[in-house]
Amino acid sequence: MRDKTEQHDEAGPMKRGRKRDSSLDPRLLDATLDVLAEVGAAGLTMDLVAARAGVGKATIYRRWTSKSELIIDAVAQMKRNQVDLERLPDTGTLRGDLLGLFKPLSNEERERRLKIMTALASLISQDLALAGAANDAVVEPWAAAHRALMERAVARGEIAASADIATLSQVIPSMAAYRSLVQRKSFDLAFLVSMVDGVILPALGIEPSPDNESSSPRRAGRRRRPNPEPARRKS
Numbered sequence: 001m002r003d004k005t006e007q008h009d010e011a012g013p014m015k016r017g018r019k020r021d022s023s024l025d026p027r028l029l030d031a032t033l034d035v036l037a038e039v040g041a042a043g044l045t046m047d048l049v050a051a052r053a054g055v056g057k058a059t060i061y062r063r064w065t066s067k068s069e070l071i072i073d074a075v076a077q078m079k080r081n082q083v084d085l086e087r088l089p090d091t092g093t094l095r096g097d098l099l100g101l102f103k104p105l106s107n108e109e110r111e112r113r114l115k116i117m118t119a120l121a122s123l124i125s126q127d128l129a130l131a132g133a134a135n136d137a138v139v140e141p142w143a144a145a146h147r148a149l150m151e152r153a154v155a156r157g158e159i160a161a162s163a164d165i166a167t168l169s170q171v172i173p174s175m176a177a178y179r180s181l182v183q184r185k186s187f188d189l190a191f192l193v194s195m196v197d198g199v200i201l202p203a204l205g206i207e208p209s210p211d212n213e214s215s216s217p218r219r220a221g222r223r224r225r226p227n228p229e230p231a232r233r234k235s
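Each residue of the sequence shown is one higher than the one before, counting from 1 in full-length UniProt numbering.
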């Protein structure tokens, strides 16, 4: 049964000056993700989304004028929900913070997200004009988190103020998007560790400690070498 808000919303054209009920948007976007995971981008219709959300099709069209716009906004919401910019990890090291962003998923949820990203890739392949909007939806939420963590590392003196944070904060999110959209692989901890230790930290002049649990600053080209053993005197 539809709630009174929805019955009123679909009773007819909106009156002048009436505000749209934005509280319904997350519900509609969640329904879109469910349908997208089940039938893909080609099979998704406004009717299916409306039925899943328990609303009328007119409710969706008042918010999104096309299926593509709806799908991209749904994926954007999913990505924003994966990272909380107000509660980022604070371990004391950039390496710990970046790895702290990773949240293990159940096999079911991992498979669901992979299906959603596969559907998005299919949508983009049919309309390349959507690539920019899709990038903003998929990459930017995570890039913002990486940028914030790197700025914090600069503030505590772990990395140089001259570091190209704008570029480096995009690297892992962009590679993760490539991994899911093109390679059809899920984002896992092994991939994140390889990117952090093999790409990001070296680019910032930081060398992970041997136990891979923390990191210590090191300027590139200034590796400390052990002192040689003093030469023995000849008798």
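For glycine and all other residues, C-beta sits at the position ideal for the given N, C-alpha and C. Given the structure is predicted, the values throughout are model-derived calculations rather than measurements.
Note down the Cα distance separating residue 130 from residue 156, rounded to an integer number of angstroms.
-> For the purposes of this step, residue 130 is taken as residue 130 along the sequence shown, with counting starting at 1. For the purposes of this step, residue 156 is taken as residue 156 along the sequence shown, with counting starting at 1. If I take the Cα positions, the gap works out to 39 Å.
Coarse secondary structure for residue 211, derived from DSSP in three states = As a first step, residue 211 must be located in the sequence shown, where it is residue number 211. Note that residue 211 scores 49 on pLDDT, short of 50, meaning its location in the model is unreliable; the coordinates nonetheless yield the value given after this. Three-state result, residue 211: coil.
6 Å Cβ shell around residue 176 - same chain, five flanking residues per side excluded | Here residue 176 corresponds to residue number 176 of the sequence shown, with the count starting at 1. Here the set comprises 187.
Taking C-alpha atoms, which residue in 25, 23, 150 and 44 lies nearest to residue 122?
-> Sequence index remark: in the sequence shown, residue 122 carries index 122 (1-based). With distances taken between Cα atoms, residue 122 lies closest to 44.
Inter-residue Cα distance where the pair is residue 142 and residue 78 = Translated into the one-based positions of the sequence shown, residue 142 becomes position 142. Translated into the one-based positions of the sequence shown, residue 78 becomes position 78. When rounded, the distance between both Cα atoms is 11 Å.
Give the C-beta separation of residue 117 and residue 169 to the nearest angstrom, bearing in mind that I take them to be a contact with Cβ-Cβ under 8 Å.
-> Taking the first residue of the sequence shown as position 1, residue 117 is located at position 117. Taking the first residue of the sequence shown as position 1, residue 169 is located at position 169. Not confirmed; about 21 Å, so no contact.
Buried or exposed by the 16-neighbour rule on C-beta atoms within 10 Å, applied to residue 68 | Here the question's residue 68 lines up with position 68 in the sequence shown. Counting Cβ neighbours within 10 Å, residue 68 comes out buried, since at least 16 surround it.
Measure from the alpha carbon of residue 28 to the alpha carbon of each residue in 64, 41 and 102, then state which is nearest.
-> For the purposes of this step, residue 28 is identified with residue 28 of the sequence shown, where counting begins at 1. Nearest of 64, 41 and 102 to residue 28, Cα basis: 64.
So residue 113 is in the alpha helix (DSSP H); what residue range does that whole segment cover?
-> For this step, residue 113 is matched to residue 113 along the sequence shown. Run containing residue 113: 107-126, per the alpha helix (DSSP H) assignment.
Tell me where the alpha helix (DSSP H) around residue 270 begins and ends.
-> Residue 270 lies beyond the range of the chain shown here (1 to 235); nothing can be said about it.
Per DSSP, what kind of secondary structure is residue 172 in: helix, strand or coil?
-> Looking up residue 172 in the sequence shown gives position 172. In the three-state DSSP reduction, residue 172 falls in the helix class (H, G or I).
Span of the alpha helix (DSSP H) holding residue 194?
-> If you number the sequence shown from 1, residue 194 lands on position 194. Where residue 194 is concerned, the enclosing alpha helix (DSSP H) stretches over 189-195.
Hey, would you say residue 204 sits closer than 8 Å to residue 159, going by beta carbons?
-> Sequence index remark: in the sequence shown, residue 204 carries index 204 (1-based). Sequence index remark: in the sequence shown, residue 159 carries index 159 (1-based). Residue 204 is a Cβ neighbour of residue 159, given a cutoff of 8 Å.
Pairwise C-alpha distance: residue 81 and residue 125 | Taking the sequence shown and counting its residues from 1, one reaches residue 125 at position 125. Taking the sequence shown and counting its residues from 1, one reaches residue 81 at position 81. A straight line joining the alpha-carbon of residue 125 with that of residue 81 spans about 25 Å.
With distances taken Cα to Cα, identify the nearest neighbour of residue 32 among 106, 107, 93 and 115.
-> By 1-based counting over the sequence shown, the position of residue 32 is 32. 115 is the residue among 106, 107, 93 and 115 whose C-alpha sits nearest the C-alpha of residue 32.
DSSP-derived helix/strand/coil call for residue 180 | Mapped onto the sequence shown, residue 180 falls at position 180. Helix.
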